[in-house]
Structures are given as structure tokens and as C-alpha cells.
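A.B. asks: Using this note's numbering, you'd call the opening residue of the sequence shown number 8 and step up by one each time.
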Amino acid sequence: MTGGGNGVGGACAVCKHQRRKCEPNCELAAYFPAHRMNDFRALHLVFGVANLTKLIKANAGEAARRRAAETLTWEARWRERDPSEGCYREVACLRRDNAVLRADNAALRRQLADHHQQLLLLWSSSSSSSAGGGGCGNMAAGGGGGGCGNMAAGGGGCYNGNANNNMASGHGMVAAHAPPAAAVASSRSDNDKSAAR
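(1) Which of helix, strand or coil does DSSP assign to Arg26?
(2) If I measure Cβ to Cβ from Gly81 and keep anything under 8 Å in the same chain, skipping five residues before and after, which residues do I get?
(3) Quick one: residues in its chain with C-beta nearer than 8 Å to the C-beta of Ala83, no 5 flanking neighbours on either side, listed in chain order?
(4) If you pair each beta-carbon of the segment 83-92 with each one of the segment 61-75, do three or more pairs fall below 8 Å?
(5) From which residue to which residue does the alpha helix (DSSP H) around Leu62 run?
(6) Could you check whether Ala75 and Arg43 sit closer than 8 Å to each other, using their CB atoms as the reference points?
(7) Just the C-alpha distance for Asp111 and His123, rounded to the nearest angstrom, thanks.
(8) When you compare the CB positions of Cys29 and Ala18, do they come within less than 8 Å of one another, or not?
(9) Can you tell me the Cα-Cα spacing of Ala148 and Ser135, whole angstroms?
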């Protein structure tokens, strides 16, 4: 990390505030350049330069140190706005909002799980009904088997006779077929011959 004393940007906000030369190895120059003078003033009032440097250096890694610098700046600016409570109200508000959002998220997850379970039950019930076959579902297919399905096709079962003759007449059972006239006449002739003998 290099300071701004020998660069194009000039001294950092820390060195400029303390009216000292910003060395190339300045530890705070990367986090508080010259244009962040107001932020450093608030930090200086709350933490001081020595404590600020220790708090930033306590974090391992450049990314963590930058986050620490931004967090400390946010806290110092809130202390500047509200000297008595600082960022307490803001933190409390954020925690309350976070708790509400977590509760809403948990409720939505429970509803989603319930809907998913209902869909699984409906799907299972539908699959069982489709695989069952038989029963009144055979009414459309008809065929030669018994049961309700034979009513449409006129096959076996309760209605074994002529479907057109039975259904058109409105009778529930099969009507007997009338014998042909030729058969009646032949039967009478055979009876007469037997009597003559």
C-alpha cells in the first residue's frame, strides 16, 4: 500500500489533517484519500488516529480492511448526527426489519412446502385412478365382458340379446324372439300327418 504524498493525488486526508508529509508507506492513505476529509474528521473525533489505525490493521486481507474502514466511517458519521445514541437507532431498525423479513421468509417457505405436498398427493391420486382400469370406466369401451360397460356395446352381461330390439323397446330384460311363419306351418303339417296315421 502506497501513500499519496509522492503521487498525483497529493497527501491523504489523515496526513493532510495532521499537517504532515504523506509517506509512500502511509497505512491509511488507501482508505482515506484527500477527498474524504469530512469522513476522517468524524473518525478522528470518535476513535482518534491511533485507535483507527489499530482497528483497521486488526483485519486480515485488503478487502476486510476496506470493509472495516467503511464500517467505522459509517458509525462515526452517525455519531456526528446523533451524539447521544450514534448508530444505535439505525442498527435497531435494521435488526427489526431483518427479523420481520426472516419471519416472512419462513412463512413463505412453509406455504410452499404445503402446496408442494398437496400437489404430490393430487398427482399420486390421479396416477392411481388412471392405473386402476375396470369398473364404470369400461362403459365407453364396452366389449364382450360383463358389467356396466356392456350396456353401450350390447355385448355379454345382463343384455345378451339383440341390442337394437331391447334398447328400442325400452325393456330392461331381453325380449324373446318370435319364431318364423314357415317354421310354424311346417310344425302344424307334421302334427296333421301324425294324427292321420
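Cβ coordinates follow ideal geometry from the N, Cα and C atoms, glycine included.
C.D. replies: On the basis of the data shown:
(1) coil
(2) According to the sequence shown, residue 81 is Trp rather than Gly. Closer than 8 Å at the Cβ level, and outside the excluded window around Trp81, lie Cys94.
(3) Asp46, Ala49, Leu50, Leu52, Val53 and Phe54
(4) Below 8 Å, too few C-beta pairs join the segment 83-92 and the segment 61-75 to call them touching: fewer than three.
(5) Val56 to Lys64
(6) Taking 8 Å as the Cβ cut-off, Arg43 and Ala75 do not qualify as a contacting pair.
(7) Those two C-alpha atoms are separated by around 18 Å.
(8) yes
(9) Note that Ala148 scores a pLDDT of 41, beneath 50, so its modelled location is shaky and nothing firm can be said.
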